[in-house]
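To start, the structure itself, in structure tokens.
In this note's numbering, the protein residues as written are 1 to 323.
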């Protein structure tokens, strides 16, 4: 039972009806006389006055407690805002970037949950961190905070409608639908997959659907190796895919090294016959030189000249002997 109810109950036993009202720390009392005042005994009058004094005292204490509670709430509010600010919450400037907007929403939500911030304070805290176009927009729409049940969720909806048009949502949804690993590593692909999946939540509403879509975007060489695996969760699949990628890349690097080594060996083996041919040609020239020198030391028995034999002699034919 509240203090006011208790005070009114005290008056129920009296012949006079006292209705006590509290408004803005001011006490109003309506007194309705059931019987003429002069008809009551002096003792009853004294008793009524004592009761009225008791009621007045109780109401004064109630007002004092109310003021104290307001002061306490104000101090708690200021303390919570100080803690919130100390965590360096990001600001939002109204740029039409869905990823930036969703990241901002998620970060603010994390801070509220960490501080266990009361829901009725959240809008007042967040508007401190609207900047640029978002801040100008709020100045025009700030009276919305006085609407019944207007809170942080309602503010998010208004911000989405203003700065996050359906065309941008559709664009990000299409990007997620056609997402492939491409030149990204598995970890980079997983990060982008998680970022874009927020724009098509109905496509990854279950753990199984999330895993199927993630696997579908991987390189085929990784899909083949994951096909024989069993996964307990989406994160389990990502971890195994990262490990599969590591092993595959190591094997590919080893194969490239082995091929290069074999090519070098084959290239070196091809040089030896060429070197041999070169030596052969060099030896052949040397042998030819020996043959020429041997021929130059021959004397012809027919004509008595050098550089030819008797069978090669052309004496009388007027032929040059290259002497």
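C-beta atoms are modelled at their ideal positions from N, C-alpha and C, and glycine is treated no differently.
Worksheet entry | Distance CB(residue 216)-CB(residue 223) smaller than 9 angstroms | Residue 216 sits at position 216 when you count from the first residue of the chain shown. Residue 223 sits at position 223 when you count from the first residue of the chain shown. Result yes, Cβ atoms of residue 216 and residue 223 sit closer than 9 angstroms.
Discussion item. Under 8 angstroms, with one C-beta from each stretch per pair, do the segment 76-92 and the segment 181-195 reach the 3-pair mark?
Written reply: no
Practice prompt. State the DSSP-derived secondary structure class of residue 179, mapped to helix, strand or coil.
Written response: Working through the chain shown from its first residue, we reach residue 179 at position 179. It is coil, neither helix nor strand.
Worksheet item: Along the chain, where does the alpha helix (DSSP H) that runs through residue 132 open and close?
Response: For the purposes of this step, residue 132 is taken as residue 132 along the chain shown, with counting starting at 1. 132-141 is the extent of the alpha helix (DSSP H) around residue 132.
Worksheet item: Taking Cβ to Cβ, would you say residue 225 is nearer than 9 angstroms to residue 244?
Response: On the chain shown, residue 225 is found 225 positions in, with the first residue counted as 1. On the chain shown, residue 244 is found 244 positions in, with the first residue counted as 1. Result yes, Cβ atoms of residue 225 and residue 244 sit closer than 9 angstroms.
Discussion item. Am I right that residue 210 and residue 98 are in contact with their C-beta atoms under 8 angstroms? What's the rounded C-beta distance?
Written reply: In the chain shown, the residue the question calls residue 210 occupies position 210. In the chain shown, the residue the question calls residue 98 occupies position 98. That belief does not hold up - the Cβ atoms of residue 210 and residue 98 are roughly 20 angstroms apart, past 8 angstroms.
Discussion item. Just to confirm, is the Cβ distance from residue 95 to residue 132 under 9 angstroms?
Written reply: In the chain shown, counting from the first residue as 1, residue 95 sits at position 95. In the chain shown, counting from the first residue as 1, residue 132 sits at position 132. The answer is yes: Cβ separation under 9 angstroms.
Discussion item. On the CB-based measure, 16 or more other CB atoms within 10 Å of its CB, does residue 124 come out buried or exposed?
Written reply: Working through the chain shown from its first residue, we reach residue 124 at position 124. By the neighbour-count rule (16 or more Cβ atoms within 10 Å), residue 124 is not buried but exposed.
Practice prompt. Please list, in chain order, all residues of the same chain as residue 107 whose beta carbon is under 8 angstroms from its beta carbon, the five residues on each side excluded.
Written response: For the purposes of this step, residue 107 is taken as residue 107 along the chain shown, with counting starting at 1. 89, 90.
Item to complete: Within its chain, find whatever has a CB closer than 6 angstroms to the CB of residue 234; leave out the 5 residues flanking it on each side and keep chain order.
Response: The residue given as residue 234 occupies position 234 in the chain shown. Same-chain partners within the cutoff: 207, 210, 211.
Worksheet item: Are the Cβ atoms of residue 179 and residue 189 separated by less than 9 angstroms?
Response: By 1-based counting over the chain shown, the position of residue 179 is 179. By 1-based counting over the chain shown, the position of residue 189 is 189. In this structure, residue 189 lies closer than 9 angstroms to residue 179 by Cβ.
Discussion item. For residue 138 and residue 130, what's the separation of their Cα atoms in angstroms?
Written reply: Counting from one through the chain shown, the residue named residue 138 turns up at place 138. Counting from one through the chain shown, the residue named residue 130 turns up at place 130. About 8 angstroms.
Worksheet item: Would DSSP call residue 129 helix, strand or coil?
Response: As a first step, residue 129 must be located in the chain shown, where it is residue number 129. Residue state, collapsed to three classes: helix.
Discussion item. Within 10 Å of its beta-carbon, does residue 140 have 16 or more other beta-carbons around it, so buried, or fewer, so exposed?
Written reply: The residue you call residue 140 lines up with position 140 of the chain shown. So residue 140 counts as exposed.
Item to complete: Run the CB neighbour count on residue 159, radius 10 Å, all protein chains shown included, and call it buried at 16 or more, exposed below.
Response: Reading the chain shown from its first residue, position 159 is the one you call residue 159. It is buried - the Cβ of residue 159 has at least 16 other Cβ atoms within 10 Å.
Practice prompt. With DSSP collapsed to three states, give me the class of residue 164.
Written response: For the purposes of this step, residue 164 is taken as the residue at position 164 of the chain shown. Coil.
Worksheet item: Start and end of the alpha helix (DSSP H) containing residue 114?
Response: Translated into the one-based positions of the chain shown, residue 114 becomes position 114. Unbroken alpha helix (DSSP H) run through residue 114: 98-115.
Worksheet item: Can residue 198 and residue 152 be called in contact, C-beta distance under 9 angstroms?
Response: Indexing the chain shown from 1 puts residue 198 at position 198. Indexing the chain shown from 1 puts residue 152 at position 152. Going by C-beta atoms, residue 198 is not nearer than 9 angstroms to residue 152.
Discussion item. Quick check: what's the CA-CA separation for residue 252 versus residue 101?
Written reply: In the chain shown, counting from the first residue as 1, residue 252 sits at position 252. In the chain shown, counting from the first residue as 1, residue 101 sits at position 101. One C-alpha to the other measures close to 41 angstroms.
Worksheet item: Span of the alpha helix (DSSP H) holding residue 213?
Response: As a working note, residue 213 is residue 213 in the chain shown. Taken as a continuous stretch (DSSP letters only), the alpha helix (DSSP H) holding residue 213 covers 207-216.
Fill in: Status (buried if at least 16 other CB within 10 Å, exposed otherwise) for residue 218
To locate residue 218, count along the chain shown from 1; it is residue 218. By the neighbour-count rule (16 or more Cβ atoms within 10 Å), residue 218 is buried.
Discussion item. Given this structure, state the Cα-to-Cα distance separating residue 247 from residue 240, to the nearest angstrom.
Written reply: What you label residue 247 is simply residue 247 of the chain shown in a count that begins at 1. What you label residue 240 is simply residue 240 of the chain shown in a count that begins at 1. Cα to Cα, residue 247 sits roughly 11 angstroms from residue 240.
Worksheet entry | Burial state of residue 227, where buried means 16 or more other Cβ atoms lie within 10 Å | To locate residue 227, count along the chain shown from 1; it is residue 227. Exposed: under 16 other Cβ atoms inside 10 Å.
Worksheet item: Nearest to residue 76 by CA position, among 117, 220, 105, is which residue?
Response: Stepping through the chain shown from its first residue, residue 76 is reached at position 76. Taking only the C-alpha atoms, the option nearest residue 76 is 117.
Worksheet entry | Enclosing alpha helix (DSSP H) for residue 191 [first to last residue] | In the chain shown, the residue the question calls residue 191 occupies position 191. Per DSSP, residue 191 belongs to the alpha helix (DSSP H) from 186-197.
Worksheet item: Taking all protein chains shown into account, do 16 or more other C-beta atoms lie within 10 angstroms of the C-beta of residue 134, making it buried, or fewer, making it exposed?
Response: The sequence position of residue 134 within the chain shown is 134, counting from 1. So residue 134 ends up on the buried side.
Worksheet item: Leaving out five residues before and five after residue 119 in sequence, what residues of the same chain have Cβ atoms less than 8 angstroms from its Cβ?
Response: Here residue 119 corresponds to residue number 119 of the chain shown, with the count starting at 1. Around residue 119: 151, 152.
Worksheet item: Given a threshold of 16 other Cβ atoms within 10 Å of its Cβ, counted over all protein chains shown, does residue 176 qualify as buried or as exposed?
Response: As a position in the chain shown, residue 176 is number 176, starting the count at 1. By the 10 Å Cβ count, residue 176 comes out buried.
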